[in-house]
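Engineer: If you want the working numbering, it's the 1-based position in the sequence shown plus 20. The beta carbon of each residue, even a glycine, is placed where N, CA and C say it ideally should be. This structure is in structure tokens; I'll ask about it shortly.
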Amino acid sequence: MGKLTVQLPHTQYEVHIGEDVYDLFSSRYIGLLQSADRVGIIADKQAADLHLHTLLDALRTAGVEPMVKIVPAGEKCKSQDVYFECQSYFVKENFTRNSLLIAFGGGACGDLAGFVAATFMRGIKFVQCPTTILAHDSAVGGKTAINLPEGKNMVGSFHQPSAVLFNTKLLATLPPREIRSGMAELIKHAFISDAEWSESLLEEASFSNPTEEWLSTELLKGIQVKADIVAEDEFEHSKRKFLNFGHTFGHAVEAVYGFGGLSHGECVMIGMAYSFILSERHGKMDASFTDHFIKFARINGYSFAPVLEHSFESFLGFMEKDKKAAFGEMNFVILEKLGAPFVRKVSAGECEQVFIDLQNRIEMGERS
Ligand SMILES: NC(=O)c1ccc[n+]([C@@H]2O[C@H](COP(=O)([O-])OP(=O)(O)OC[C@H]3O[C@@H](n4cnc5c(N)ncnc54)[C@H](O)[C@@H]3O)[C@@H](O)[C@H]2O)c1
Ligand SMILES: [Zn+2]
Numbered sequence: 021m022g023k024l025t026v027q028l029p030h031t032q033y034e035v036h037i038g039e040d041v042y043d044l045f046s047s048r049y050i051g052l053l054q055s056a057d058r059v060g061i062i063a064d065k066q067a068a069d070l071h072l073h074t075l076l077d078a079l080r081t082a083g084v085e086p087m088v089k090i091v092p093a094g095e096k097c098k099s100q101d102v103y104f105e106c107q108s109y110f111v112k113e114n115f116t117r118n119s120l121l122i123a124f125g126g127g128a129c130g131d132l133a134g135f136v137a138a139t140f141m142r143g144i145k146f147v148q149c150p151t152t153i154l155a156h157d158s159a160v161g162g163k164t165a166i167n168l169p170e171g172k173n174m175v176g177s178f179h180q181p182s183a184v185l186f187n188t189k190l191l192a193t194l195p196p197r198e199i200r201s202g203m204a205e206l207i208k209h210a211f212i213s214d215a216e217w218s219e220s221l222l223e224e225a226s227f228s229n230p231t232e233e234w235l236s237t238e239l240l241k242g243i244q245v246k247a248d249i250v251a252e253d254e255f256e257h258s259k260r261k262f263l264n265f266g267h268t269f270g271h272a273v274e275a276v277y278g279f280g281g282l283s284h285g286e287c288v289m290i291g292m293a294y295s296f297i298l299s300e301r302h303g304k305m306d307a308s309f310t311d312h313f314i315k316f317a318r319i320n321g322y323s324f325a326p327v328l329e330h331s332f333e334s335f336l337g338f339m340e341k342d343k344k345a346a347f348g349e350m351n352f353v354i355l356e357k358l359g360a361p362f363v364r365k366v367s368a369g370e371c372e373q374v375f376i377d378l379q380n381r382i383e384m385g386e387r388s
């Protein structure tokens, strides 16, 4: 079992990763459970159908019989309706300010449950039990949110969990698309922090088909990167922005194409290729690295189709709406070199040149 501590100015909590982390409910976290007058789980439907019994068994062993609120699988749960349904459910079940919530599911369910916990009776404690690879990112750092019809994550707050228990056994049922999604965020953590680790991931033959043991070690490294950044900049005034590497263009791809069937991380993978071209222009990254990255992504089943199938204008509109954009210029995280990120404004004109360059490089890669 791996463990690390997220150290913040006003609080700290532990992230545990491995296949027997739920045993900690009967030991390390028995006090947390016993100090709560009620314990509730908000569970993603899909994750619950497959694995909720594992969590329930562990809680019952610890002497707790939780109330369970099942929410729709994936992004659909981050809606106003589901949010208020959860609040009403826990009020009706007599939850109080001394109750405890547990988030069980991927990043979407974690964001929803975290926001329910942040606001229920002005805020109660919660524990993150992530069930996707991507959630190694989302379960740590305290960002919680739901979506509005007008945009993603538009209503939310910072609310840190009391603990994160990441059971890697549950990852075995993830479909390939969700594995790719999470692995994209993992390699992002490498790119913004560590050249050697980045290179080793790029050489990993089982990158998109990882074994549980290898994955546990790698995810712990990814979580450490996130934890270190959050420790220095909890509220995203500076360094925390680096975690958005690949996301300015990636979010635009998601908005244009996400409903066409690509997961968040798959869109971020495309966004990182875009950012590597920017890093050739503004940093010291080599063009050959970008081409190698695109090839690596392809081999691992990532698609670049959105870039070839849509015009620059369709992406630009969404990039301009990005929370980080201002006055016709977009903010991008760029790499000086691997492991050395910085933020820079880029004009719409340059964004278009980079887009055309990316299209050419993808087409070139397809021919080779
Ligand atoms: N708070 C943050 O800091 C932060 C950071 C990154 C992403 N996010 C958010 O995370 C969300 C994406 O998270 P995600 O990629 O985990 O997606 P997700 O929560 O939508 O889950 C993806 C799919 O996998 C299913 N699933 C979950 N666990 C499973 C399992 N063990 N086996 C099989 N299927 C399983 C879910 O039902 C869903 O259909 C987005 O809403 C994003 O905004 C938040
Ligand atoms: Zn992301």
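Collect the residues with a C-beta less than 6 Å away from any heavy atom of ligand 2 and give them in sequence order along the chain.
Structural biologist: The answer, residue by residue, is 205, 267, 284, 288.
Engineer: In the DSSP assignment, the beta strand (DSSP E) including residue 250 goes from what residue to what residue?
Structural biologist: Run containing residue 250: none in the beta strand (DSSP E); it sits in the alpha helix (DSSP H), 232–252.
Engineer: Within 10 Å of its beta-carbon, does residue 32 have 16 or more other beta-carbons around it, so buried, or fewer, so exposed?
Structural biologist: So residue 32 ends up on the exposed side.
Engineer: Answer yes if the region 216–229 comes into contact with the region 170–179, meaning at least three C-beta pairs across the two stretches below 8 Å, and no otherwise.
Structural biologist: With a cut-off of 8 Å, the region 216–229 and the region 170–179 do not count as touching, because too few Cβ pairs lie within range.
Engineer: Return the first residue and the last residue of the beta strand (DSSP E) that residue 36 is part of.
Structural biologist: Residue 36 -> beta strand (DSSP E) spans 32–38.
Engineer: With H, G and I counted as helix, E and B as strand and the rest as coil, what does DSSP make of residue 353?
Structural biologist: Residue 353 falls in the strand class under three-state DSSP.
Engineer: What's the gap between the Cα of residue 328 and the Cα of residue 248?
Structural biologist: Whole-angstrom Cα-Cα distance: 37 Å.
Engineer: Ignoring anything shorter than 4 residues or poking outside the region 167–228, list the alpha helix (DSSP H) runs there in chain order.
Structural biologist: Fully enclosed alpha helix (DSSP H) runs of 4 or longer: 196–211, 215–222.
Engineer: Please classify residue 162: does DSSP put it in a helix, a strand, or coil?
Structural biologist: Residue state, collapsed to three classes: coil.
Engineer: Quick check on residue 376: buried or exposed, where buried means 16 or more other Cβ atoms within 10 Å of its Cβ?
Structural biologist: Label assigned to residue 376: exposed.
Engineer: Which residue's Cα is closest to the Cα of residue 89: 83, 69, 78, 80?
Structural biologist: For residue 89, the nearest C-alpha among the options comes from 69.
Engineer: Mind listing, in chain order, the continuous beta strand (DSSP E) runs of no fewer than 3 residues lying wholly within the region 21–77?
Structural biologist: Fully enclosed beta strand (DSSP E) runs of 3 or longer: 22–27, 32–38, 59–64.
Engineer: On a CA-only basis, which of 39, 74, 121 is nearest residue 58? Give me that one, please.
Structural biologist: Among 39, 74, 121, the Cα nearest to that of residue 58 is on 121.
Engineer: Confirm the yes/no value for this check: CB of residue 156, any heavy atom of ligand 1, distance under 7 Å.
Structural biologist: No, the beta carbon of residue 156 sits no closer than 7 Å to any heavy atom of ligand 1.
Engineer: Would you call the region 288–295 and the region 351–359 in contact, with 3 or more CB pairs under 8 Å?
Structural biologist: The region 288–295 is in contact with the region 351–359.
Engineer: Tell me which residues share the same chain as residue 240 and place their Cβ nearer than 6 Å to its Cβ, disregarding the 5 neighbours each side in the sequence.
Structural biologist: Excluding sequence neighbours, residue 240 sits near 22, 37.
Engineer: Just tell me which of 365, 125, 185 has its CA closest to the CA of residue 47.
Structural biologist: Nearest of 365, 125, 185 to residue 47, Cα basis: 185.
Engineer: Buried or exposed for residue 195, please, with buried defined as at least 16 other CB atoms from any protein chain shown within 10 angstroms of its CB.
Structural biologist: By the 10 Å Cβ count, residue 195 comes out exposed.
Engineer: Relative to the C-alpha of residue 384, which residue among 288, 315, 108, 188 is closest?
Structural biologist: Among 288, 315, 108, 188, the Cα nearest to that of residue 384 is on 315.
Engineer: Alpha carbon to alpha carbon, how far is residue 300 from residue 134?
Structural biologist: The straight-line gap from Cα to Cα measures roughly 38 Å.
Engineer: Taking 8 Å as the threshold (C-beta atoms), are residue 78 and residue 45 in contact?
Structural biologist: Yes, the Cβ-Cβ distance between residue 45 and residue 78 is below 8 Å.
Engineer: DSSP beta-bridge partners for residue 125?
Structural biologist: DSSP lists 150 as partners of residue 125.
Engineer: Does ligand 1 have a heavy atom nearer than 7 Å to the CB of residue 128?
Structural biologist: Answer for residue 128: yes, Cβ within range of ligand 1.
Engineer: Sort 305, 317, 290, 233 by Cα distance to residue 378 and report the nearest one.
Structural biologist: Considering only alpha carbons, the answer is 290.
Engineer: Taking C-alpha atoms, which residue in 358, 317, 285, 366 lies nearest to residue 127?
Structural biologist: Here the closest residue by C-alpha is 285.
Engineer: DSSP three-state label for residue 91, please.
Structural biologist: In the structure shown, residue 91 sits in a strand (DSSP, three-state: E or B).
Engineer: Under the three-state reduction of DSSP, which class applies to residue 145: helix, strand or coil?
Structural biologist: The answer is strand: DSSP assigns residue 145 an E or B state.
Engineer: Identify the residues that DSSP records as bridge partners of residue 362: which are they?
Structural biologist: Residue 362 pairs with 354.
Engineer: Determine, for residue 324, whether the minimum Cβ-Cβ distance to residues of chain B falls below 8 Å.
Structural biologist: In the displayed structure, chain B is absent; only one protein chain is listed.
Engineer: Tell me whether residue 201, by its Cβ, gets closer than 7 Å to a heavy atom of ligand 1.
Structural biologist: It does: the Cβ of residue 201 is within 7 Å (strictly closer) of some heavy atom of ligand 1.
Engineer: If we call anything under 8 Å between Cβ atoms a contact, is residue 288 one with residue 160?
Structural biologist: No, the pair does not count as a contact, with Cβ atoms beyond the cut-off.
Engineer: Using a Cβ distance threshold of 8 Å, determine whether the region 49–65 contacts the region 95–114, with at least three qualifying pairs required.
Structural biologist: Yes: at least three Cβ pairs fall under 8 Å.
Engineer: Just verifying my parser: in three-state terms, what is the DSSP assignment at residue 367?
Structural biologist: Residue 367: strand per DSSP, three-state reduction.
Engineer: With respect to 7 Å, is the separation between the Cβ of residue 105 and the closest non-hydrogen atom of ligand 1 below this value?
Structural biologist: It does not: the Cβ of residue 105 is nowhere closer than 7 Å to a heavy atom of ligand 1.
Engineer: For ligand 1, any of its heavy atoms closer than 7 Å to the Cβ of residue 378?
Structural biologist: Result no, Cβ not under 7 Å from ligand 1.
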